[in-house]
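Numbering (the numbering used here), first residue to last: 79 to 380.
The C-beta atom is built at its ideal place from N, Cα and C for all residues, glycine as well.
In what follows, a structure is listed as structure tokens, so that the remarks can point back to it.
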């Protein structure tokens with residue numbers, strides 16, 4: 079079995095595990111321990127490189143994972159509201175608190191998708207951080223928005239922009255003539271451009287580019303150890319093909335390495351979240367379109 083020659087300053091497994099212990103407790107604040115990590119590491123059985131080297135690479139990828147807990151989500155929602163109000167103030171020349179209040183009275187906040195999806199959860203966090211009244215929120219989007227001049231759609235991520243574009247197209251009769259803003263915690267340059275072509279400005283806390291893709295030429299994950307990236311991709315893609323063969327590096331070749339306390343985007347590397355003959359470190363809660371799909375997933379029918 080081929081072994082990987084690591085740079086002298088590449089961290090050892092023991093050092094990374096020590097780092098992760100602190101990360102779980104102080105940063106991510108989640109009830110995860112090293113036993114959970116060991117269970118996940120057992121997936122890496124030495125199919126591509128030595129078992130020890132695969133585990134060391136896996137630990138490096140986990141150390142570079144970005145986890146958004148509820149505290150971070152609340153903070154980012156507050157930032158989104160601040161950025162929205164700044165844009166409205168500049169665009170509409172708002173000069174006092176009364177002007178702002180009058181604009182908010184003609185603004186409604188909504189989300190795309192169904193009530194049980196992440197956008198609905200974002201509305202809850204956003205309302206709390208923005209200190210807005212419940213009557214400013216409409217879900218699902220409906221005729222009640224006819225008296226509103228500004229429609230603000232809120233979501234956690236907008237990565238390809240396709241879902242959002244379809245939403246606005248399907249609701250164009252309701253939205254025609256309105257000032258529309260799309261707020262997202264995380265976006266990509268591609269999705270921003272797609273929506274801007276529809277005259278929908280996107281406001282986000284973080285815009286992803288090639289540096290955010292784990293195995294891209296500009297990857298921040300391997301900027302210090304570029305010679306290791308090829309081996310890491312072999313491992314992530316090799317096991318990815320076994321557990322999520324249609325998207326071994328994430329949906330539409332996402333190659334991302336982040337997740338939220340309530341779920342993990344399928345654009346993130348499947349070795350983190352897949353449950354298909356695999357023990358995930360962050361189990362992804364799949365979205366089922368009907369009861370039959372959900373029952374089939376768990377192997378029973380009612």
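With 16 other Cβ atoms within 10 Å as the buried cut-off, status of residue 342:
buried
Where residue 105 sits in the DSSP three-state scheme:
helix
Since residue 227 contacts residue 165 with CB under 8 Å, what's their CB separation in whole angstroms?
Residue 227 to residue 165, Cβ: 15 Å. No contact.
What does residue 284 pair with, by DSSP beta-bridge criteria?
264
Spatial distance of residue 234 from residue 308 (CA atoms):
31 Å
Alpha carbon to alpha carbon, how far is residue 348 from residue 327? Give it in angstroms, no decimals.
6 Å
For the beta strand (DSSP E) that residue 146 lies in, which residues bound it at each end?
144-146
Measuring CB atoms only, is the region 277-291 touching the region 98-111, in the sense that at least three cross pairs come out at less than 8 Å?
no
Hey, residue 280 and residue 229: beta-carbon distance below 7 Å or not?
no
According to DSSP, simplified to helix, strand and coil, what is residue 240?
helix
Which residues in the same chain as residue 172 place their Cβ atom closer than 7 Å to its Cβ, once the five residues preceding and following it in sequence are excluded?
166, 178, 181
For residue 88 versus residue 303, is the C-beta distance shorter than 7 Å?
yes
Ends of the beta strand (DSSP E) at residue 186?
185-188
In three-state terms, what does DSSP make of residue 334?
strand
Cα separation between residue 239 and residue 103?
35 Å
Which residues DSSP lists as bridging residue 231, in chain order:
188, 260
Rounding to the nearest angstrom, what Cα-Cα distance links residue 330 and residue 176 in this structure?
46 Å
How about residue 188 and residue 216: are their beta carbons less than 7 Å apart?
yes
From the DSSP output, which residues share a beta bridge with residue 215?
187
Under three-state DSSP, which class holds residue 180?
helix
Whole angstroms is fine: what's the gap from residue 48's alpha carbon to residue 142's?
The displayed coordinates of the chain run from 79 to 380. Any statement about residue 48 would go beyond what the structure contains.
Of all Cβ atoms in chain D, is any one closer than 7 Å to the Cβ of residue 88?
The structure shown contains no chain D; it holds only a single protein chain.
Cβ-Cβ separation, residue 249 to residue 219 (assumed contact under 8 Å), whole Å:
6 Å
Taking the straight line between their C-alpha atoms, what separation do you get for residue 320 and residue 206?
42 Å
Apply the 10 Å Cβ neighbour rule to residue 203 and answer buried if 16 or more other Cβ atoms are within range, or exposed otherwise.
buried
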